[in-house]
Amino acid sequence: MLKYLFILLIRFYQLVISPLKPPTCRFYPTCSNYGLESIKRFGAFRGGYLAIKRILKCHPLHPGGVDPVPTEWPTKKQQK
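Numbering-wise, the sequence shown is residues 1 to 80 according to the working numbering.
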């Protein structure tokens with residue numbers, strides 16, 4: 001249930017708020033698409049955690065680039 005609420009909030013952002021701003025995302029896929037995919041793949045809590053981690057990387061000192069959602073939940077070794 002919570003998963004669908006998060007998906008609804010992200011879709012609201014994509015359809016209503018995002019078009020009002022110029023495209024400035026430094027990542028591919030965009031953070032909102034990354035969040036949608038991670039929540040669909042891993043659920044509300046794990047997917048939400050990955051989405052928040054990704055959003056926190058969005059600042060001028062991070063180079064950005066291609067950063068796909070992992071196909072499996074990252075182990076501790078993969079996170080470092």
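Think of the CB as a built atom: it goes at the ideal place given N, C-alpha and C, for glycine as much as any other residue.
No experiment lies behind these values; they were computed from the predicted model shown.
Contact between the segment 40-47 and the segment 13-32 is absent: fewer than 3 CB-CB pairs across the two stretches fall below 8 angstroms. Looking only at L2, R54, V69 and T30, the smallest Cα-Cα distance to Q14 is reached by T30. When the beta-carbon positions are compared, L36 and I7 come within less than 8 angstroms of each other.
The C-alpha of Y34 is placed about 10 angstroms away from the C-alpha of K40.
Cα atoms of P19 and T75: separation of roughly 36 angstroms, rounded to the nearest angstrom.
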